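Enquirer: In the numbering used here, the protein residues as written are 9 to 171. Sharing a structure, written as structure tokens. Questions coming.
What follows is the structure, encoded as structure tokens:
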């Protein structure tokens with residue numbers, strides 16, 4: 009690997025770390041000045057390197073987005089250290105929405121009580137959930153921002169349940 013290629017790969021690694029969210033191949037292409045295929049090759053190389061090193065971090069892709077994140081088996085162990093933008097009560101509501109989506113708000117109210125209304129409002133304002141009318145209730149589901157925020161492939165219920 010040439011010095012320029014090594015530097016480009018390290019810039020991609022630094023970008024994924026610093027962003028704290030998944031980045032599109034296009035974003036990485038703009039940062040590095042590389043062609044799309046080169047970005048994809050370097051992300052795959054980083055993924056293999058992190059896997060071979062057996063670290064608590066992983067680099068990967070879902071769709072057009074590339075990420076660096078804690079492996080799910082370590083995330084729970086250190087979650088109390090991470091800054092929390094989502095208040096703990098709302099996080100519990102969000103977890104239930106993600107796990108059971110789409111889910112009627114009325115079902116969450118039965119499980120968690122009236123505070124769900126405030127949580128849903130907070131989560132909607134944060135862009136983590138969306139809703140549509142569902143009889144006298146709302147049908148709740150997570151958004152793409154939710155998937156980006158947690159580094160989970162959107163619509164992949166197994167990935168959400170593992171997380």
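Think of the CB as a built atom: it goes at the ideal place given N, C-alpha and C, for glycine as much as any other residue. Small disclaimer: the values here were computed from a predicted structure and weren't measured.
Assuming the contact rule is C-beta atoms closer than 8 Å, residue 146 and residue 139 should be a hit. Round their C-beta distance to whole Å, please.
Expert: 4 Å
Enquirer: Name the residue from 152, 141 and 18 whose alpha carbon lies nearest to the alpha carbon of residue 76.
Expert: 18
Enquirer: Ignoring anything shorter than 4 residues or poking outside the stretch 96–124, list the alpha helix (DSSP H) runs there in chain order.
Expert: 96–108 and 113–120
Enquirer: Leaving aside the five residues before and after residue 65 along the sequence, list all residues of the same chain whose C-beta is less than 8 Å from its C-beta, in chain order.
Expert: 58, 76, 77, 78 and 79
Enquirer: Kindly say whether residue 81, judged by its beta-carbon, lies nearer than 7 Å to any beta-carbon of chain D.
Expert: Reference to chain D is not applicable here, since this structure consists of a single protein chain.
Enquirer: Using a Cβ-Cβ cut-off of 7 Å (strictly less than) and excluding sequence neighbours within five positions of residue 28, which residues of its own chain qualify?
Expert: In its chain, beyond the 5 residues on either side, no residue has a beta carbon closer than 7 Å to the beta carbon of residue 28.
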